[in-house]
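Protein chains in written order, with this note's numbering: chain A, 1 to 156; chain B, 1001 to 1156. We put the beta carbon where it would ideally sit given N, CA and C, even for glycine. One structure below.
Number of protein chains: 2
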Amino acid sequence: MLRLSKLTDYAVVVLSRLEQDGAVVGGQVQTAPGLAVSTGMAEPTVAKVLKILGQAGLVEGVRGARGGYRLARPLTAMPLAEVIMAFDGPIALTACVDGSVNACEAEDHCPVRGRWDPVNDAIRHALSGITVADLSAPQGCAPMRAAASILNLMAE
Amino acid sequence: MLRLSKLTDYAVVVLSRLEQDGAVVGGQVQTAPGLAVSTGMAEPTVAKVLKILGQAGLVEGVRGARGGYRLARPLTAMPLAEVIMAFDGPIALTACVDGSVNACEAEDHCPVRGRWDPVNDAIRHALSGITVADLSAPQGCAPMRAAASILNLMAE
DNA sequence: TTAAACAGGACAGAAAAGGTACTATTTGCG
DNA sequence: CGCAAATAGTACCTTTTCTGTCCTGTTTAA
């Protein structure tokens, strides 16, 4: 399975919860303990997720008393690829990329050297067409914007 | 990084080597030790790769003395997705899929339940448009069929 | 009958991820 | 001015997963 970090999944939950709580671009802030309660996740885990999201510039942290976090961008302008890259690193299927030349010891016999790049590009392109908003259901599970996004991607 | 098993990488090498050695659908067979020598990989590893490929129906094993392996299909008819599924299991980004209902303990608070499915579908679709032949360079590194495949995918 | 080769399962070492705890820094409020 | 609340950063331990190898059984040509 193309495993991606659990923290990435948590991040989507946290981001959608931030929007739900009104902690948007110009709005108020929500604390990490508060998010832990409302999402049902452990507080240290939520804090870790928020720290990484802050480093990636996806959320904005306000320090000090009465501090907290708010979204740095609307979820509709937050590609899923950015979240994945924040937690799982660069989006690539194998280690034989990104110019790591000496990683493969059997270069002479390896007939697929560098050939994974188009595959990686396809994956990146597919993910860049989906935003976090497409994954977060405003309430219940009514809309299907994600499906529309996929169809839009395939129509390109 | 969206890590996928090293064995998947090895598999592409072995498959392209099989074609290069003429161990194709109606042709002769190539032994696992022989492939180990020609690819520069350890023999037990090659054997493991071939076993898994055989279970997946991608290569055909001939038992007994003078036995060996040959391709069960031309590489042009072998989607990369099948190779990945053979080694990495079902192509899905998270564990919250495939009807594993009780895996997520926070179902009530999880607003993205089941929402990853469209993303997984997009990944699967992207991979199904690429064959192993697109990744294996016949000799040197001349052609760019993979790029053409990507463009074809995006043109849908 | 023998030897070569595939088939299947099992196992130890290594690597990575997940989760937790601790400390430092910042800032509102009494 | 001092306290408390909250983020920021770092380090560590546990657990899981992957990787690579080995062993035994089965098949079949010579």
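According to DSSP, B/Arg1070 shares a beta bridge with B/Glu1060. Within the same chain, and ignoring the five residues on either side of A/Asn120 in sequence, the residues whose Cβ sits closer than 7 Å to its Cβ are Ile91, Ala92, Leu93 and Val97. Exclusion of the five residues before and after A/Leu18 leaves Val24, Gln30, Leu35, Val59, Tyr69, Arg70 and Leu71 as the residues of its chain whose Cβ lies within less than 8 Å of its Cβ. In the DSSP assignment, A/Thr45 falls within the alpha helix (DSSP H) that extends over Glu43 to Gln55. For A/Arg3, no alpha helix (DSSP H) run applies, since DSSP gives it neither H nor E. In the three-state reduction of the DSSP assignment, B/Thr1031 falls in the coil class, being assigned neither a helical nor a strand state. The criterion of a C-beta distance shorter than 8 Å is satisfied by A/Thr131 and A/Thr76. Counting along the chain, A/Met85 sits inside the alpha helix (DSSP H) bounded by residues Leu80 to Asp88. Across the stretch 1047-1065 of chain B, no CB contact with chain A closer than 7 Å is found for any residue.
Cβ atoms of B/Ala1086 and B/Ile1052 come within 8 Å of each other, at about 6 Å. When only Cα atoms are considered, A/Val37 and A/Leu15 end up about 14 Å apart. Shown here for B/Gly1054: same chain residues with a beta carbon closer than 6 Å to its own, the five before and five after excluded, namely Gly1061 in chain order. A residue is called buried once 16 or more other Cβ atoms fall within 10 Å of its Cβ, and B/Arg1115 is buried on that count. Contact annotation for B/Ala1042 against chain A: no contact, minimum CB-CB distance about 11 Å [criterion: below 7 Å].
Across the structure, A/Glu82 and B/Leu1050 are spaced so that their CA atoms are roughly 37 Å apart. Contact check for B/Ala1047 and B/Ala1032: beta-carbon distance about 5 Å, within the 8 Å limit, so the pair qualifies. Leaving aside the five residues that flank A/Leu135 on each side, the residues in its chain whose CB is nearer than 8 Å to its CB run, in chain order, Val12, Ser16, Leu80 and Ala146.
Among the CB atoms of chain B, none fall inside 8 Å of the CB of A/Arg73.
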